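Reading through the C-alpha cells given below for one structure.
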Amino acid sequence: MMSTLPHRLAKSITFMVGAGLLLAMLAMALLGPWLYPQGPWTVVGVPMIWPGTDAAWPLGTDALGRDILAGLLHGARVSLLIGAAATTVALCVGIAVGTLTGYFGGWVDDLLMRLTDAVQTVPPFLLVIVVVLIVNPSVVSIVGAIALISWPTVARLVRAEFMRLRETDFVSVCRLMGMKPARIIFLQMLPNAIPPIVVSSSIMVASAILIESGLAFLGLGDPNVISWGTMVGLGRSDLRAGWYLVVIPGLAIMLSVLALNLLGDGLNDALNTRLSP
Amino acid sequence: MDPLAERAAALNFLRYILRRLAQAALLLGIVIVLQFLLLHLAPGDVADVIAGESQASDPAFVQQLRSELGLDRPLPLQLLLHLQRVLTLDWGQAHSMDAPVWQLIAERLPGTALLMVSALLLAIVLGVAMGMVAALHARSGLDGLISVLALLCYATPGFLVGIGLILVFTVQLQWLPMSGMSSIYGDASWWQRSVDTARHLLMPMLSLSLFYVATYTRLMRAAMLEVLPMDHVRTARAKGLGRWRIVWHHAARNALLPIVTMAGLQVSSLLGGSVIVETIFGWPGIGRLAFEAVFKRDVPLVMGILLLSSVLVLLVSLLVDLIYTRLDPRIRLR
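Residue numbers (this note's numbering), protein chains in the order written: chain Y, 4 to 280; chain H, 1442 to 1775.
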C-alpha cells in the first residue's frame, strides 16, 4: 500500500522539526506588532541590560536602551518577508524561463540560456551589493536583487524537468490531440515538475534570508525597517561590551535557515525527488 | 597507442579547448554588455560623483567633465568605446582612490587569492573526510552526529562565525590578531612573516570555509553511498584488498568527481562571501575593495572588479572541465 504524502511527511522527523521551528518563527513575526506596538526603534529602558537580568526586558536592551525582544520579533517580519518575496519573484521568472527553454528548445533556448549563463558568471553576492546600492537600499530593491541572482537555479531545474518530460509519451499524446502549447505546459507538464521546485524553493528562502542578513550586516539594509541582519550589524560596534547583541539575532537567523533546510530535506525524502544535496 | 591515433587525440583535444575558449569569450562579451547597462541604469553618472567629491557643483564644470569622459555621447557609442577599452586592458582610473583600476586590483588580488584558496582547501579536506566517515558508518550514531554538524555549519551565517571567533580567540583568549593580514614591519625572516600571516589568516579562513565544509560533507556522503555498492567495489573486496585501499582507490576516486565540479562552481560564491569576511577582519582583498568601490560609487572600479571576477569564474569552469577529463577517462571530449 502506498502511503500518502501527508502521512509520509508526518513520519519524517526532519520535516516535523523544520516545520515546527518555522511555525515558531512565523508566530514571532505575527505577534511582534501586537506585543510591541511602539515598534523596535523606541528607547524603553537603561542601555546594555544583559539578557535574563530584568524580567521587563527578558532579552535585555542594546546600547541605546532599545528592547532586544521587540527588535527580534519585528525583525522576524522583515527577514521572513524578504526571504519569501524574493523566492516568489525568482520562482516566477525562473519557471517562465525554464518552461520556455525546456519546451521550445531551439533559438529560444540558446538565447535565454546564454542570458542565464551570463547572470551566473558574476559572483552573486557582489551583484546583489551593486544592484542594491545603485537603486538605493529598500525592501523592494533588496527583494529584486536577491531574485535577480536566484532565478537561474530555478530556470535550470525547470528546463531539465521539461526536457525530460518533453520526450515522454503523455506529452506526445497531448500534442497529437492538438492541445495548444500553453495548455500542455501549464496543465500537463508543470504539475509534474512541481516536486523539485518545492524542495528547492524552501532552500532558496533560506539563502535569501542569509543574503539579506549579510547585506544588513554591511549596512546595506533598508534603513527604515529592522531585520535580524540589521541587529547584528548594529551590535557589532558594541561587541566587547555585550556579545549577546550579536549572538541573539544571529541565532534567530541560524535557526530559521536551519528550519527551512530541514523542511527541504524532509520534503525531498517524502516527494522522492532526486535533487543533489 | 599508435602515432596516428595519438595525433588524432591531440587534435581532438585542441579542437575542444578552442571551442570552449570561443564559448567563454562569447559569454564574457554578454557579461560585459550587461554590466555596462546595469551601471548605466544608476541615477547620476560618474561626472556627478566626481563633481560631488571635489564639491564643485558648477553645472558648466560638470558638463565639461561629462564631455571629457565621453558621457555626453549616445549610449551605443559609449558601449563600443567601453568594449574597446576593456579589450585593450585600459580599465581607467578609480576616481575615489585616485589610482588606476588595474593597480588597485593587482594590489588586492593576492590577499583574496590566499584567503579563498586556503578556505576552499580546508573545506574540501574537512568535507571529504567527514563525508567519507559518515558514508562508511551510514545510519549509525556517528553518521547522525556528522549530519547535524554539517547542517549547523550550513545554517550559520559567515559573519556570525567570524564574530564568534573574534570573541573567543581575540577578546577572551587574546591568541589571535583581530584584523589585517600582517603586523610585522621592517626586518623579519621569511619564516616569521609566514607565521605572522598564518596567524592573521586563521580566523577569516575558518569563517569563510565552514559553510562549504557542510556542502562537501553532504556531497561526499551522497557520492560515496552511490559508489560503495557498485560492482567494481565489490570485486575489489572479493579480491581481498585492504579496507583503506578499497575506500581510497576504488570508491573515493569516483566520488571525488562531483567534489571537483562543486569546487569550480563555488568560486563565484566564495568571491561574494569574501566581501563580508574581509570586511569583518579588515583583510586587504578584492571583496573589501569591491564594497568600498560600490559605497563610493566608483563606477570604473566596480566595473573592473565585476569584470575580473567574471573572467576568473569562466577560467575556473574551463579548468574544472579539463581536470574532469583527466580524472575520469570515460569522459569523452565533445
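All C-beta atoms in this analysis are idealised placements derived from N, C-alpha and C, irrespective of residue type, glycine included. Note that the coordinates shown come from a computational prediction; the quantities given were computed from them, not determined experimentally.
| Check | Outcome |
| --- | --- |
| Proximity test, Cβ basis, 9 Å: P50(Y) and chain H | no |
| Close beta carbons around T1720(H), own chain, < 8 Å, minus the five adjacent residues each side | G1728, R1729 and F1732 |
| CA nearest to the CA of A1596(H), picked from W60(Y), V47(Y), A255(Y) and R11(Y) | A255(Y) |
| Where A1596(H) meets chain Y, residues with beta-carbon distance less than 7 Å | M257, V260, L261 and N264 |
| Neighbouring residues, chain Y, relative to T1720(H) (Cβ below 9 Å) | F220 and L221 |
| CB contact check: Q1(Y) to chain H, cutoff 9 Å | Lying outside 4 to 280, the shown extent of chain Y, residue 1(Y) is not represented and no answer is given. |
| Cross-chain neighbours of L1475(H) in chain Y, by beta carbon under 7 Å | A121 |
| 7 Å CB neighbourhood of V1687(H) in its chain, flanking five on each side removed | The sequence given here has Ile at residue 1687(H), not Val. Excluding sequence neighbours, I1687(H) sits near V1674, A1677 and R1678. |
| Contact list for I132(Y) against chain H, beta-carbon separation under 8 Å | V1716, A1731, F1732 and V1735 |
| DSSP bridge partner residues for P1541(H) (one or two, in chain order) | Q1534(H) |
| 9 Å Cβ cutoff, F1454(H) in contact with chain Y | no |
| C-beta neighbour in chain H for G23(Y), strict 9 Å | no |
| Where D1637(H) falls: helix, strand or coil (DSSP) | helix |
| Exposed unless 16 or more other CB atoms sit within 10 angstroms - verdict on I71(Y) | buried |
| Any C-beta of chain Y under 9 Å from that of F1600(H) | yes |
| Rounded straight-line distance, which links the Cα of I152(Y) to that of V122(Y) | 7 Å |
| As assigned by DSSP and simplified to three states, the class of T1656(H) | helix |
| V1718(H) in three-state terms, based on DSSP | helix |
| Rounded separation between S1709(H) and T1611(H) - CA only | 30 Å |
| Collapsed DSSP secondary structure at T45(Y) in the structure displayed | coil |
| Contact with chain Y by S1650(H), beta-carbon distance below 9 Å | no |
| Chain Y within 9 Å of V1754(H), Cβ atoms only | yes |
| Chain H contact residues for F128(Y), given Cβ-Cβ distances below 7 Å | G1713, G1714 and V1716 |
| Rounded distance between the beta-carbons of S1559(H) and D1739(H), thought under 8 Å | With 8 Å as the limit, D1739(H) and S1559(H) do not qualify as a contact, their Cβ atoms being about 29 Å apart. |
| Sequence-distant residues of its chain with Cβ nearer than 6 Å to P280(Y) (five each side left out) | Confidence at P280(Y) is low in this model, with a pLDDT of 40, below 50, so the placement of that residue is unreliable and no value is reported for it. |
| Among A30(Y), L266(Y) and P226(Y), nearest to V135(Y) - alpha-carbon criterion | P226(Y) |
| Interface residues of chain Y facing V1472(H) [CB-CB closer than 9 Å] | D120, A121, V122, T124 and V125 |
| I1546(H) beta carbon less than 9 Å from that of G1745(H) | yes |
| Within 7 Å of chain Y by C-beta, residues of the stretch 1534-1563 of chain H in sequence order | none |
| R1775(H), DSSP secondary structure in three states | Confidence is the limiting factor: at R1775(H) the pLDDT is only 47, short of 50, which leaves the residue's position unreliable and the question unanswerable from this model. |
| C-alpha distance - G1723(H) paired with T1553(H), whole-angstrom precision | 12 Å |
| DSSP-derived helix/strand/coil call for M4(Y) | Annotation note: pLDDT 43 at M4(Y) (below 50); position unreliable, no value reported. |
| Chain H within 9 Å of L274(Y), Cβ atoms only | no |
| Selected residue, minimal CA-CA separation from A93(Y), among G267(Y), M51(Y), A148(Y) and G269(Y) | A148(Y) |
| Strand pairing of R1507(H), partner residues [DSSP] | Partner(s): none; R1507(H) has no beta bridge. |
| Cross-chain neighbours of R117(Y) in chain A, by beta carbon under 9 Å | No chain A appears in this structure, whose protein chains are Y and H. |
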